[in-house]
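Single-structure report; data block below.
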Amino acid sequence: MIPHNAVITEVIQQTPTITTLKTDIKLEALPGQFVMVWVRGLDEVPMALSHPDSITVQRVGEATVALSGMRVGDSIGIRGPFGNGFQLKGTRIMLIAGGVGGAPLLPLALLAHAKRLDVTTIIGARTGNELLFEQPFSQSGSVSVATDDGSKGYHGFVTGLMDRFDLESFDQFYVCGPELMMKNVLNMLQVKGIEMRSQLSLHRYFKCGIGVCGACTIDPSGQRVCKDGPVFQADMLIYSELGKYHRDATGKKIVY
Amino acid sequence: MIPHNAVITEVIQQTPTITTLKTDIKLEALPGQFVMVWVRGLDEVPMALSHPDSITVQRVGEATVALSGMRVGDSIGIRGPFGNGFQLKGTRIMLIAGGVGGAPLLPLALLAHAKRLDVTTIIGARTGNELLFEQPFSQSGSVSVATDDGSKGYHGFVTGLMDRFDLESFDQFYVCGPELMMKNVLNMLQVKGIEMRSQLSLHRYFKCGIGVCGACTIDPSGQRVCKDGPVFQADMLIYSELGKYHRDATGKKIVY
Amino acid sequence: MTRTDLFTELTGLALENPTILAAGVLGTTGSSLRRMADSGAGAVVTKSIGIEPNPGHRNPTMFKLECGFLNAMGLPNPSYKEFRNELGIAKESGVPVIASVFGAHPDEFSQIIAGLDGADAYELNVSCPHAGRYGTAVGTDPVLVEEITRAAKHAASVPVWVKLTPNVTDIVGIGEAAQKGGADAVVAINTLRGMAIDIHSGYPILGNRFGGLSGPAIHPVAVKCVYDLYQVLEIPVIGVGGIANYQDAVEMMMAGARAVQIGSAVHDSITVFNEVTAGLAQYLEDKSMVLDDIIGLAHRKVGL
Amino acid sequence: MTRTDLFTELTGLALENPTILAAGVLGTTGSSLRRMADSGAGAVVTKSIGIEPNPGHRNPTMFKLECGFLNAMGLPNPSYKEFRNELGIAKESGVPVIASVFGAHPDEFSQIIAGLDGADAYELNVSCPHAGRYGTAVGTDPVLVEEITRAAKHAASVPVWVKLTPNVTDIVGIGEAAQKGGADAVVAINTLRGMAIDIHSGYPILGNRFGGLSGPAIHPVAVKCVYDLYQVLEIPVIGVGGIANYQDAVEMMMAGARAVQIGSAVHDSITVFNEVTAGLAQYLEDKSMVLDDIIGLAHRKVGL
Ligand SMILES: Cc1cc2nc3c(=O)[nH]c(=O)nc-3n(C[C@H](O)[C@H](O)[C@H](O)COP(=O)(O)OP(=O)(O)OC[C@H]3O[C@@H](n4cnc5c(N)ncnc54)[C@H](O)[C@@H]3O)c2cc1C
Ligand SMILES: Cc1cc2nc3c(=O)[nH]c(=O)nc-3n(C[C@H](O)[C@H](O)[C@H](O)COP(=O)(O)OP(=O)(O)OC[C@H]3O[C@@H](n4cnc5c(N)ncnc54)[C@H](O)[C@@H]3O)c2cc1C
Ligand SMILES: Cc1cc2nc3c(=O)[nH]c(=O)nc-3n(C[C@H](O)[C@H](O)[C@H](O)COP(=O)(O)O)c2cc1C
Ligand SMILES: Cc1cc2nc3c(=O)[nH]c(=O)nc-3n(C[C@H](O)[C@H](O)[C@H](O)COP(=O)(O)O)c2cc1C
Ligand code: FES
Ligand code: FES
Numbered sequence: 569m570i571p572h573n574a575v576i577t578e579v580i581q582q583t584p585t586i587t588t589l590k591t592d593i594k595l596e597a598l599p600g601q602f603v604m605v606w607v608r609g610l611d612e613v614p615m616a617l618s619h620p621d622s623i624t625v626q627r628v629g630e631a632t633v634a635l636s637g638m639r640v641g642d643s644i645g646i647r648g649p650f651g652n653g654f655q656l657k658g659t660r661i662m663l664i665a666g667g668v669g670g671a672p673l674l675p676l677a678l679l680a681h682a683k684r685l686d687v688t689t690i691i692g693a694r695t696g697n698e699l700l701f702e703q704p705f706s707q708s709g710s711v712s713v714a715t716d717d718g719s720k721g722y723h724g725f726v727t728g729l730m731d732r733f734d735l736e737s738f739d740q741f742y743v744c745g746p747e748l749m750m751k752n753v754l755n756m757l758q759v760k761g762i763e764m765r766s767q768l769s770l771h772r773y774f775k776c777g778i779g780v781c782g783a784c785t786i787d788p789s790g791q792r793v794c795k796d797g798p799v800f801q802a803d804m805l806i807y808s809e810l811g812k813y814h815r816d817a818t819g820k821k822i823v824y
Numbered sequence: 569m570i571p572h573n574a575v576i577t578e579v580i581q582q583t584p585t586i587t588t589l590k591t592d593i594k595l596e597a598l599p600g601q602f603v604m605v606w607v608r609g610l611d612e613v614p615m616a617l618s619h620p621d622s623i624t625v626q627r628v629g630e631a632t633v634a635l636s637g638m639r640v641g642d643s644i645g646i647r648g649p650f651g652n653g654f655q656l657k658g659t660r661i662m663l664i665a666g667g668v669g670g671a672p673l674l675p676l677a678l679l680a681h682a683k684r685l686d687v688t689t690i691i692g693a694r695t696g697n698e699l700l701f702e703q704p705f706s707q708s709g710s711v712s713v714a715t716d717d718g719s720k721g722y723h724g725f726v727t728g729l730m731d732r733f734d735l736e737s738f739d740q741f742y743v744c745g746p747e748l749m750m751k752n753v754l755n756m757l758q759v760k761g762i763e764m765r766s767q768l769s770l771h772r773y774f775k776c777g778i779g780v781c782g783a784c785t786i787d788p789s790g791q792r793v794c795k796d797g798p799v800f801q802a803d804m805l806i807y808s809e810l811g812k813y814h815r816d817a818t819g820k821k822i823v824y
Numbered sequence: 102m103t104r105t106d107l108f109t110e111l112t113g114l115a116l117e118n119p120t121i122l123a124a125g126v127l128g129t130t131g132s133s134l135r136r137m138a139d140s141g142a143g144a145v146v147t148k149s150i151g152i153e154p155n156p157g158h159r160n161p162t163m164f165k166l167e168c169g170f171l172n173a174m175g176l177p178n179p180s181y182k183e184f185r186n187e188l189g190i191a192k193e194s195g196v197p198v199i200a201s202v203f204g205a206h207p208d209e210f211s212q213i214i215a216g217l218d219g220a221d222a223y224e225l226n227v228s229c230p231h232a233g234r235y236g237t238a239v240g241t242d243p244v245l246v247e248e249i250t251r252a253a254k255h256a257a258s259v260p261v262w263v264k265l266t267p268n269v270t271d272i273v274g275i276g277e278a279a280q281k282g283g284a285d286a287v288v289a290i291n292t293l294r295g296m297a298i299d300i301h302s303g304y305p306i307l308g309n310r311f312g313g314l315s316g317p318a319i320h321p322v323a324v325k326c327v328y329d330l331y332q333v334l335e336i337p338v339i340g341v342g343g344i345a346n347y348q349d350a351v352e353m354m355m356a357g358a359r360a361v362q363i364g365s366a367v368h369d370s371i372t373v374f375n376e377v378t379a380g381l382a383q384y385l386e387d388k389s390m391v392l393d394d395i396i397g398l399a400h401r402k403v404g405l
Numbered sequence: 102m103t104r105t106d107l108f109t110e111l112t113g114l115a116l117e118n119p120t121i122l123a124a125g126v127l128g129t130t131g132s133s134l135r136r137m138a139d140s141g142a143g144a145v146v147t148k149s150i151g152i153e154p155n156p157g158h159r160n161p162t163m164f165k166l167e168c169g170f171l172n173a174m175g176l177p178n179p180s181y182k183e184f185r186n187e188l189g190i191a192k193e194s195g196v197p198v199i200a201s202v203f204g205a206h207p208d209e210f211s212q213i214i215a216g217l218d219g220a221d222a223y224e225l226n227v228s229c230p231h232a233g234r235y236g237t238a239v240g241t242d243p244v245l246v247e248e249i250t251r252a253a254k255h256a257a258s259v260p261v262w263v264k265l266t267p268n269v270t271d272i273v274g275i276g277e278a279a280q281k282g283g284a285d286a287v288v289a290i291n292t293l294r295g296m297a298i299d300i301h302s303g304y305p306i307l308g309n310r311f312g313g314l315s316g317p318a319i320h321p322v323a324v325k326c327v328y329d330l331y332q333v334l335e336i337p338v339i340g341v342g343g344i345a346n347y348q349d350a351v352e353m354m355m356a357g358a359r360a361v362q363i364g365s366a367v368h369d370s371i372t373v374f375n376e377v378t379a380g381l382a383q384y385l386e387d388k389s390m391v392l393d394d395i396i397g398l399a400h401r402k403v404g405l
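Chains as they are written, first to last, in my numbering: chain A, 569 to 824; chain B, 569 to 824; chain C, 102 to 405; chain D, 102 to 405.
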């Protein structure tokens with residue numbers, strides 16, 4: 569598929585570093601699927617769909633700075649949706665979102681709520697004004713927040729906050745956030761022997777985004793994050809490179 | 569479409585020069601549609617489907633001699649069905665078949681009969697034992713035959729035989745046979761002012777068979793016999809090259 | 102926006118719109134060419150015409166693949182003497198009629214052009230990939246292409262276009278040779294060498310064994326060739342290869358084509374010229390642009 | 102018929118079946134290569150590896166078209182030093198692992214081969230159409246191809262395959278140069294030059310502007326190249342280009358390929374190797390034939 573032309577219809581400043589771009593292209597996608605977003609003349613980067621017509625971008629480098637500076641009427645190229653997406657399981661679920669990791673989890677929360685599941689969301693951020701989607705998540709169930717600096721909610725990491733819940737009572741955990749956070753969550757679930765109830769959405773360097781080039785494959789399974797993922801169950805990740813290293817655009821390992 | 573492999577399952581000698589080949593490939597086709605029949609290593613020629621799984625071949629040159637010599641288990645390549653086919657109209661119809669022209673008309677007779685139309689068939693041939701499909705046509709309605717040499721039925725051309733019918737009482741005429749015969753039939757209908765009730769299936773030299781190369785176009789309309797035809801209504805043919813000339817493989821006009 | 106906004110001046114010819122029937126497609130007779138003009142082509146190119154009558158290769162001569170078409174017609178034509186009359190009929194259409202001609206050496210091109218007068222332009226087919234000593238056999242040699250072009254220009258009193266083959270290491274070098282020889286435009290591309298084999302029997306399917314690939318499969322190759330030619334040549338580039346809708350045409354023009362030719366797409370729609378023209382007009386209106394804005398736009402976007 | 106009837110000896114390597122993972126496709130890491138072997142590939146070729154770490158071109162680097170794929174990865178690789186470890190992991194799979202290598206001149210090829218020891222064979226990428234002074238820049242020059250092949254053969258103690266570009270006037274001439282240089286096999290074809298332009302903006306879509314066309318679109322071109330190479334060369338030809346099912350593989354082998362490589366088709370099915378292998382085995386059983394019967398069959402049918 570060549571990129572669709574998506575014209576930006578609304579720009580929403582979510583946090584000081586995170587912006588949502590609504591476009592005139594609505595994609596039928598599963599929660600957790602992503603699109604390749606082409607900033608013409610610059611780069612193309614993967615982004616989760618935070619809504620069938622929206623992406624939610626955290627400013628980190630050239631492409632995301634350009635995206636964050638876009639205005640209504642500007643346009644981007646969009647290929648997708650790609651990847652597998654999350655699967656709803658059970659009746660009581662917990663979503664754990666770190667930073668911009670809330671983007672793929674929001675549509676999941678909405679879907680789970682529509683299906684009358686019992687949804688608990690834990691949102692973590694560096695600081696209070698960086699908490700993403702606290703209000704929309706709260707429409708689908710209860711929300712607890714954690715900040716590294718304690719400026720809002722629980723002071724500390726999401727894992728500390730999770731400890732306050734009866735984790736065994738949840739049927740499934742959905743996790744997206746910084747890799748080391750995800751690794752910690754997975755470890756914690758593993759300690760309790762319930763790691764198989766988790767689905768984690770990974771980030772790796774994407775080139776093709778469609779499962780051909782091999783840039784995004786993870787060790788030791790050789791699974792492609794862009795096509796077999798980005799969402800994996802714990803079994804694919806426990807004895808994996810997760811939290812140990814990833815690869816840059818050359819294919820070289822970068823240790824965390 | 570690349571050619572289907574069609575294995576011959578039955579060979580039926582229809583007349584001294586005409587053979588039906590049944591194959592293991594059954595095509596959903598309209599009566600009057602044709603296929604391109606590939607005799608591997610030799611040539612590919614157009615042939616009407618005389619039945620969804622059959623072609624009926626008159627021996628005239630290299631390819632048709634090879635086809636006529638095929639035995640059960642031999643195979644040919646088949647592309648199609650192509651072209652437009654006949655359209656059933658009205659309740660009382662006449663089919664006029666000259667020589668191997670009976671091939672595309674037979675499935676039409678069967679369909680018309682199944683739809684309870686009143687079918688009259690006129691079959692013409694050079695001589696009695698060259699009359700094609702007399703028996704199968706008679707299962708769909710009445711059949712009259714004409715032979716050039718008078719060895720069976722009416723002595724003379726099909727037009728002479730047609731004269732014995734109340735032609736105005738027919739809603740539609742379906743004609744396939746040698747070009748000059750078709751031209752005569754058309755003239756005769758024209759004299760009676762009912763030429764617009766006729767559908768004629770033309771033969772022209774086909775190369776691509778799919779409406780691209782232009783080998784089979786007729787003057788002055790530029791209609792493609794292989795795609796816009798092979799069946800035409802009288803309006804496309806009255807002021808046309810029909811009966812005057814056709815073109816050979818080089819595109820040169822060959823006057824009749 | 103009305104049709105006239107698609108008016109295109111091309112090597113001095115006046116085209117109502119920039120879509121042209123490609124050589125060898127529904128161009129065997131005058132009436133077929135006229136029909137294509139009636140279905141919206143801004144100009145029409147004839148079947149490639151040679152000196153002697155030629156029945157072409159044995160059937161199968163063409164078939165559809167999953168993503169395109171293979172053909173090895175083998176340059177069937179009734180000779181230029183016989184074709185003269187068809188040209189006259191084609192010209193009744195009112196649109197420019199371009200005679201495609203082929204030969205093995207410069208003299209043959211001159212002879213045909215002299216004998217087939219009355220065309221509004223000539224297109225030199227030095228690019229057919231399945232025609233023995235014709236076509237690609239000459240079109241891969243820049244020296245020969247230059248000589249042929251010069252001879253044709255000498256023989257013709259109207260514009261001469263040179264149709265290029267993509268089956269070369271460096272299509273731009275061949276385009277430059279044509280330009281040096283005096284070509285008024287280049288046309289890119291002819292078909293790509295290709296073949297298909299019947300797996301039931303092992304026989305190559307085409308009567309000629311191999312042939313030329315056309316249709317959607319070759320569109321990205323054609324766009325790249327046009328892009329490269331536009332970058333270097335001063336004469337106009339006419340884009341052809343896999344154009345089936347207005348989007349394909351816009352893309353080709355953004356690569357640098359001043360006009361486009363359409364061949365295989367008549368398979369799916371005989372009115373493709375009208376469709377492309379209507380789509381193009383609407384596109385320009387929606388974008389508030391004119392044709393000149395899109396021709397070569399891809400070069401301007403990335404900084405030539 | 103069991104799988105072992107597909108056993109293929111290829112330049113001295115023992116392949117359980119004649120399907121091979123093509124270079125640059127899911128070949129970035131050892132574990133990815135191992136996964137492809139596990140999904141049925143008879144051998145695997147790595148991503149093309151060079152001397153220095155290279156991030157490749159800017160995104161977009163690849164996308165799907167109606168009938169194929171365009172890519173301009175730009176030979177991303179972590180350098181041969183870094184890749185050595187991946188090669189070791191790939192070899193755990195048990196199938197032959199072929200290291201694809203690229204360079205700008207003979208010495209670079211020698212250096213990489215010497216440094217990247219342990220491969221079961223080397224495939225020289227002299228054919229990437231979008232890699233500046235690498236790839237096609239060298240692969241269109243028969244003298245350079247011969248020299249590079251000779252240097253590689255000198256450096257390697259295992260077979261050397263040379264991967265050819267179709268973007269030349271005469272691929273057979275390049276194949277002959279490789280053979281003269283001592284190649285154990287040629288691999289045909291790499292991608293066709295192509296490009297696509299975004300009609301909404303005028304920008305070329307690929308970060309590199311143009312790239313290589315792969316997938317179904319190029320299959321007939323690849324078949325023709327393999328057919329021509331088989332006719333002239335004495336060394337085996339490995340066929341690649343648009344193979345997605347066993348029919349495509351049979352066709353390629355009838356054109357003359359001793360084995361086939363599969364790249365883009367992993368997009369639709371990661372288990373394409375198993376599927377092709379199963380289909381091929383069934384085909385041979387149905388026809389009571391063995392692999393050797395179909396290799397080059399199209400030549401025997403028409404009388405070579
Ligand atoms: C499946 C998936 C979904 C994502 N969803 C979101 C989202 O919803 N919102 C969001 O803000 N971010 C998301 N990201 C991360 C986002 O793609 C990167 O932040 C972005 O690519 C950075 O590009 P840059 O040019 O701004 O930064 P750069 O300065 O180019 O790079 C900064 C870092 O971003 C990452 N990055 C750069 N290019 C790529 C690439 N092509 N593929 C993957 N990572 C890259 C690398 O880790 C790099 O070190 C997602 C990533 C993946 C893989
Ligand atoms: C739409 C259509 C349907 C037909 N249906 C039948 C049918 O059901 N049964 C049947 O016996 N015949 C049919 N024909 C005629 C049949 O195609 C020719 O008899 C056959 O092509 C002769 O080939 P040959 O090699 O035996 O003869 P040749 O010696 O090659 O030629 C003899 C004559 O056959 C005709 N012919 C040859 N090649 C072609 C070609 N590629 N396309 C068209 N005509 C050709 C020409 O008039 C030629 O002069 C049909 C033709 C058309 C156009
Ligand atoms: C059936 C057929 C016949 C052709 N004959 C000629 C020809 O006679 N002369 C020529 O220059 N090109 C010929 N071509 C090439 C086309 O003019 C055109 O360059 C090519 O098909 C690519 O365009 P398309 O993809 O729109 O078909 C022929 C193509 C086809 C499909
Ligand atoms: C994403 C991608 C990356 C490629 N990288 C390389 C490469 O590094 N080296 C190489 O020789 N060929 C490379 N190729 C070419 C393939 O190996 C193969 O020759 C080509 O894609 C045609 O085969 P296919 O149609 O099966 O994909 C690449 C192709 C693709 C699609
Ligand atoms: S990014 Fe190419 S395979 Fe995942
Ligand atoms: S045979 Fe080619 S257009 Fe009819």
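Beta carbons: idealized from backbone N, C-alpha and C, even for Gly.
A quick note: this is a predicted structure, and the numbers were derived from the prediction, not measured.
Residue pairing by DSSP puts N155/D in a beta bridge opposite N178/D. Inclusion of G651/B in the 8 Å shell around ligand 2 follows from its C-beta lying nearer than that to a non-hydrogen atom of the ligand. Cβ contact annotation for L729/B (same chain, cutoff 7 Å, sequence separation greater than five): I690, S712, A714 and Y722, in chain order.
For H771/B, there is no enclosing alpha helix (DSSP H), since its DSSP letter is neither H nor E. Contact note: N155/D reaches chain A through T818, using a C-beta cutoff of 8 Å and chain order. Taking the Cβ of M638/A as the reference point, every heavy atom of ligand 1 lies at 8 Å or farther away. Short note on M296/D: C-beta not closer than 8 Å to any heavy atom of ligand 4.
DSSP, reduced to helix, strand and coil, places A631/B within a helical segment of the structure shown.
Put simply, the backbone Cα of G797/B is about 16 Å away from that of R647/B. Residue ranges of uninterrupted beta strand (DSSP E) with 3 or more members, entirely inside the segment 624 to 690 of chain B and ordered along the chain, are 643 to 650 and 660 to 666.
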